[in-house]
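Colleague: Numbered according to the working numbering, the sequence shown spans residues 3 to 469. This is the structure I have questions about; it appears just below.
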Amino acid sequence: AGGLAGALEQLFSDGSFTGAICVSALPSRSFSFRDLQLPFREDKKIRQTLAFAVEPLIHLPLDEVWMDYVITGHGKGTDLFVAVVEKKLIGEHKTLLAPYVRESAAIDVGTVPLASIFVRQPDFPSSALILDVGFAHSTAVFAGKERIYHVRDFFFGAKNVTQAVAGALQIDPETAWQIENEIPPEALPSVGGVCTPFLNELKNTSLFLRDRGRIPDLPARILLTGGGARTPGLSEALSKLFPAPVEESNLLASGRFKMDEALRASWDPAIMDNALALAARPPGKGSGFNFLRREQESNGDRSDISAVLKKAALAAGIVVVLAGLELGLDYWGMRLKLANLKRDIISEYKRIDPQTTRIVDPIAQIKGRIAEAKKFSAGRVSPTSATALDILKEVSAAAPKDILLHTFSVEEGEASFKGEAPDFDAMDAFKKRIEGSTYVRSVTVGATSLMKEQKGVEFHLKAALKR
Numbered sequence: 003a004g005g006l007a008g009a010l011e012q013l014f015s016d017g018s019f020t021g022a023i024c025v026s027a028l029p030s031r032s033f034s035f036r037d038l039q040l041p042f043r044e045d046k047k048i049r050q051t052l053a054f055a056v057e058p059l060i061h062l063p064l065d066e067v068w069m070d071y072v073i074t075g076h077g078k079g080t081d082l083f084v085a086v087v088e089k090k091l092i093g094e095h096k097t098l099l100a101p102y103v104r105e106s107a108a109i110d111v112g113t114v115p116l117a118s119i120f121v122r123q124p125d126f127p128s129s130a131l132i133l134d135v136g137f138a139h140s141t142a143v144f145a146g147k148e149r150i151y152h153v154r155d156f157f158f159g160a161k162n163v164t165q166a167v168a169g170a171l172q173i174d175p176e177t178a179w180q181i182e183n184e185i186p187p188e189a190l191p192s193v194g195g196v197c198t199p200f201l202n203e204l205k206n207t208s209l210f211l212r213d214r215g216r217i218p219d220l221p222a223r224i225l226l227t228g229g230g231a232r233t234p235g236l237s238e239a240l241s242k243l244f245p246a247p248v249e250e251s252n253l254l255a256s257g258r259f260k261m262d263e264a265l266r267a268s269w270d271p272a273i274m275d276n277a278l279a280l281a282a283r284p285p286g287k288g289s290g291f292n293f294l295r296r297e298q299e300s301n302g303d304r305s306d307i308s309a310v311l312k313k314a315a316l317a318a319g320i321v322v323v324l325a326g327l328e329l330g331l332d333y334w335g336m337r338l339k340l341a342n343l344k345r346d347i348i349s350e351y352k353r354i355d356p357q358t359t360r361i362v363d364p365i366a367q368i369k370g371r372i373a374e375a376k377k378f379s380a381g382r383v384s385p386t387s388a389t390a391l392d393i394l395k396e397v398s399a400a401a402p403k404d405i406l407l408h409t410f411s412v413e414e415g416e417a418s419f420k421g422e423a424p425d426f427d428a429m430d431a432f433k434k435r436i437e438g439s440t441y442v443r444s445v446t447v448g449a450t451s452l453m454k455e456q457k458g459v460e461f462h463l464k465a466a467l468k469r
């Protein structure tokens, strides 16, 4: 029909479709898919963090793609199956439909709407395969009860088999296409070989998903749909590949849909089930994907952010003005307080050191005077006794090697020793050595305790010095 644009023009030439609300799907080959696990269940948190989790797994910038997800299970968090599509593909699809429809309500992933109807059936197994065989591509949807687990596109379709039929019968492909369903499979032994690579890849995919825990088990039911569903030998080959019954999908057989008997006579489920599933799909998210909803949410988020930013800018302006006013008042108050403090410091300095007449920097000057006094007093225990260095030298020479001295100080006729000893006997021996010093009158034991994390004793000895 001249491609998709020509097909749409031909379809909407029927005026009864004009101005309708449209629910559509892009083929699975337009998407890339990822399995993810997030550590929470709330939908809001999932939507807020999804892009950051997917970004390292895709080859395009986040601002060039839309993404949506379905939940495949709950463990400690949430297991997700994520579909990613380029924004330009969604835009092109909407542009194609825009002249004919009043509104595009949803854009899903091909074959997923059909699978979403089957997974809601009461007798649907926990693991099944819906295989949509097209002309050049096929879509495999791995699904279970109330779950879409995985979607994969295969470069295989009825075209491959038609070419094999044409080659086997030495006729042109168009003729082979017309008579293909009338040829017994046993008359075309080469067709099985054409299907083998695809079937092997399908089986390997199933085993991989099962072993990774993405599906509970190998498919227990296989549903065939699409224009290539009746490819000779395909159903039989699938039956040998999987220990599961193979059947053609038929939504009308479920009794859920009503149709005029005259229309039923020309109805082909293999061709029309995907379209019927789209027509029955809820306009919102449903149990599948909806990339239009994600687009609308994103636009809504941007509008909300814009409004919030305007309010935040106004609030920030008010805060800046008030902050400036407060800083000015604080600065003026601090200047007054600083002037009062300087006056009090100078007054106190003159009281402590009345001999100093020139006061430039009272803090630095008083620190200097204190340092001079410390230097004078630290060198000697008393004006008539030995220096603190003499005492430390004598005690150090007498101390056993296993004594570790942390602190030594001399103050008001008393020397203080703090340190560690391997045991109480060693500490006692050190005490006796100190008592034997020529500068020590007596030694008393202060706070002493066992060390907690390693063997030894922490001690504090106080030595009264001779005058």
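Positions of the beta carbon are idealized from the N, C-alpha and C atoms, including for glycine.
Is the Cβ-Cβ distance between Thr-80 and Leu-40 less than 8 Å?
Modeller: Within the sequence shown, numbered from 1, the residue matching residue 80 stands at position 78. Within the sequence shown, numbered from 1, the residue matching residue 40 stands at position 38. The answer is yes: Cβ separation under 8 Å.
Colleague: Using a Cβ-Cβ cutoff of less than 6 Å, which residues in the same chain neighbour Ser-418 once the five nearest sequence positions on both sides are dropped?
Modeller: Position 416 of the sequence shown, counting from 1, holds the residue named residue 418. Only Ser-411, Lys-464 meet the Cβ criterion.
Colleague: So what does DSSP say about Trp-68, is it helix, strand or coil?
Modeller: What you label residue 68 is simply residue 66 of the sequence shown in a count that begins at 1. Reduced to three states, the DSSP call for Trp-68 is strand.
Colleague: How far does the beta strand (DSSP E) with Thr-450 in it reach, from first residue to last?
Modeller: Taking the first residue of the sequence shown as position 1, residue 450 is located at position 448. Here Thr-450 belongs to no beta strand (DSSP E), and DSSP marks it neither H nor E.
Colleague: Would you mind reading off the limits of the beta strand (DSSP E) that contains Thr-409?
Modeller: By one-based count along the sequence shown, residue 409 stands at place 407. Start and end: 406–413.
Colleague: With three or more beta-carbon pairs closer than 8 Å as the criterion, would you say the region 246–257 touches the region 146–166?
Modeller: Flag = no, the region 246–257 and the region 146–166 do not touch.
Colleague: Any contact of the region 5–22 with the region 91–110, i.e. 3+ C-beta pairs under 8 Å?
Modeller: Yes, the region 5–22 touches the region 91–110.
Colleague: Excluding the five sequence neighbours on either side, which residues of its own chain have a C-beta within less than 6 Å of the C-beta of Asn-292, listed in chain order?
Modeller: Within the sequence shown, residue 292 is the residue found at index 290, counting from 1. Counting only Cβ-Cβ distances below 6 Å, and skipping sequence neighbours, we find Ala-108.
Colleague: Mapping DSSP to helix, strand and coil, what is Lys-464?
Modeller: Here residue 464 refers to the residue found at position 462 when the sequence shown is read from its first residue. In the structure shown, Lys-464 sits in a strand (DSSP, three-state: E or B).
Colleague: What residue range is occupied by the uninterrupted alpha helix (DSSP H) comprising Gln-39?
Modeller: Looking up residue 39 in the sequence shown gives position 37. Premise fails: Gln-39 lies in the beta strand (DSSP E), 34–40, not in any alpha helix (DSSP H).
Colleague: Nearest CA to the CA of Arg-36: which residue from Leu-59, Leu-265, Pro-218?
Modeller: On the sequence shown, position 34 is the one that residue 36 refers to. Of Leu-59, Leu-265, Pro-218, the residue nearest in Cα terms is Leu-59.
Colleague: Kindly indicate the opening and closing residues of the alpha helix (DSSP H) around Ala-400.
Modeller: Counted from its first residue, the sequence shown places residue 400 at position 398. 390–400 is the extent of the alpha helix (DSSP H) around Ala-400.
Colleague: Can you tell me which of the three DSSP states Arg-295 falls into?
Modeller: Working through the sequence shown from its first residue, we reach residue 295 at position 293. Arg-295 falls in the helix class under three-state DSSP.
Colleague: For Val-67 and Phe-83, which I take to be in contact (beta-carbon distance under 8 Å), what is that distance rounded to the nearest angstrom?
Modeller: Walking along the sequence shown from the start, residue 67 turns up at place 65. Walking along the sequence shown from the start, residue 83 turns up at place 81. 16 Å between Cβ atoms; not a contact.
Colleague: Can you tell me whether DSSP reads Arg-149 as helix, strand or coil?
Modeller: Looking up residue 149 in the sequence shown gives position 147. Residue state, collapsed to three classes: strand.
Colleague: For Val-114 and Leu-226, which I take to be in contact (beta-carbon distance under 8 Å), what is that distance rounded to the nearest angstrom?
Modeller: As a position in the sequence shown, residue 114 is number 112, starting the count at 1. As a position in the sequence shown, residue 226 is number 224, starting the count at 1. Wrong, their Cβ atoms sit about 16 Å apart, outside the cutoff.
Colleague: Check this for me: beta carbons of Pro-402 and Ala-449, under 8 Å apart or not?
Modeller: Indexing the sequence shown from 1 puts residue 402 at position 400. Indexing the sequence shown from 1 puts residue 449 at position 447. Against a cut-off of 8 Å, the Cβ pair of Ala-449 and Pro-402 comes out as no contact.
Colleague: Run through the region 194–259 for me and flag every whole beta strand (DSSP E) of 3 or more residues, listed as ranges in chain order.
Modeller: Listed in chain order, the complete beta strand (DSSP E) runs (minimum 3 residues) inside the region 194–259 are 224–227, 248–250.
Colleague: Under three-state DSSP, which class holds Thr-164?
Modeller: Counting from 1 along the sequence shown, the entry for residue 164 is found at position 162. Thr-164: helix per DSSP, three-state reduction.
Colleague: Measure the beta-carbon distance from Gly-159 to Phe-137 and round it to whole angstroms, keeping in mind my assumption that it falls under 8 Å.
Modeller: Counted from its first residue, the sequence shown places residue 159 at position 157. Counted from its first residue, the sequence shown places residue 137 at position 135. Yes, Gly-159 and Phe-137 are in contact; Cβ-Cβ is about 5 Å, under 8 Å.
Colleague: Do Ala-27 and Val-87 have their CB atoms nearer than 8 Å?
Modeller: Counting from one through the sequence shown, the residue named residue 27 turns up at place 25. Counting from one through the sequence shown, the residue named residue 87 turns up at place 85. Not in contact: Ala-27 and Val-87 (Cβ atoms no closer than 8 Å).
Colleague: Could you check what DSSP says for Leu-116 in three-state terms: helix, strand or coil?
Modeller: Stepping through the sequence shown from its first residue, residue 116 is reached at position 114. In this structure, Leu-116 counts as helix in the three-state DSSP scheme.
Colleague: Taking 7 Å as the limit between beta carbons, can you name the residues of its chain near Ala-117, skipping five residues before and five after?
Modeller: Stepping through the sequence shown from its first residue, residue 117 is reached at position 115. Correct list, in chain order: Ile-132, Val-143, Ala-145, Ile-150.
Colleague: Are Asp-70 and Ala-85 touching if we call contact CB-CB under 8 Å?
Modeller: By one-based count along the sequence shown, residue 70 stands at place 68. By one-based count along the sequence shown, residue 85 stands at place 83. Their beta carbons are under 8 Å apart, which means Asp-70 touches Ala-85 by this criterion.
Colleague: By the DSSP assignment, the beta strand (DSSP E) with Leu-82 in it spans what residues?
Modeller: Taking the sequence shown and counting its residues from 1, one reaches residue 82 at position 80. Start and end: 80–88.
Colleague: Near Phe-33, what residues of its chain come up, given a Cβ to Cβ distance below 7 Å and the 5 sequence neighbours on each side ignored?
Modeller: The residue labelled residue 33 in the question sits at position 31 within the sequence shown. Closer than 7 Å at Cβ, skipping near neighbours: Ala-85, Val-86, Val-87, Val-111.
Colleague: What number of angstroms, rounded off, separates the C-alpha of Lys-242 from the C-alpha of Leu-211?
Modeller: Position 240 of the sequence shown holds residue 242. Position 209 of the sequence shown holds residue 211. So the two alpha carbons sit approximately 19 Å from each other.
Colleague: Report yes if the C-beta distance between Ala-130 and Cys-197 is below 8 Å; otherwise report no.
Modeller: Taking the first residue of the sequence shown as 1, we reach residue 130 at position 128. Taking the first residue of the sequence shown as 1, we reach residue 197 at position 195. For Ala-130 and Cys-197, no; Cβs fall outside 8 Å.
Colleague: From the DSSP output, in three-state form, read off Asp-174 for me.
Modeller: Reading the sequence shown from its first residue, position 172 is the one you call residue 174. Here Asp-174 sits in coil by DSSP.
Colleague: Using the C-alpha atoms, what's the distance from Arg-232 back to Ala-166?
Modeller: Translated into positions along the sequence shown, residue 166 becomes position 164. Translated into positions along the sequence shown, residue 232 becomes position 230. Roughly 15 Å between the two C-alpha positions.
Colleague: For Pro-191, which residues from the same chain have a beta carbon less than 6 Å from its beta carbon, with the 5 sequence-adjacent residues on both sides left out?
Modeller: The sequence position of residue 191 within the sequence shown is 189, counting from 1. Its pLDDT being 46, under 50, Pro-191 is placed unreliably in this model, and the coordinates cannot settle the point.
Colleague: Helix, strand or coil: how does DSSP classify Ser-128 here?
Modeller: Your numbering for residue 128 matches position 126 in the sequence shown. Note: Ser-128 maps to coil in three-state DSSP.
Colleague: In three-state DSSP terms, what is Glu-11?
Modeller: Taking the first residue of the sequence shown as 1, we reach residue 11 at position 9. If DSSP states are grouped into helix, strand and coil, Glu-11 belongs with the helices.
Colleague: Going by DSSP, which residues form a beta bridge with Asp-155?
Modeller: Here residue 155 corresponds to residue number 153 of the sequence shown, with the count starting at 1. According to DSSP, Asp-155 bridges with Thr-141.
Colleague: Taking the alpha helix (DSSP H) that Ala-264 falls in, what are its first and last residues?
Modeller: The residue given as residue 264 occupies position 262 in the sequence shown. It spans 263–266 - the alpha helix (DSSP H) in which Ala-264 sits, taken as one unbroken run.
Colleague: List the whole-angstrom C-beta distance separating Val-25 from Pro-285, where the pair is believed to meet the contact cut-off of C-beta under 8 Å.
Modeller: The residue you call residue 25 lines up with position 23 of the sequence shown. The residue you call residue 285 lines up with position 283 of the sequence shown. Contact flag correct, Cβ pair sits at about 7 Å.
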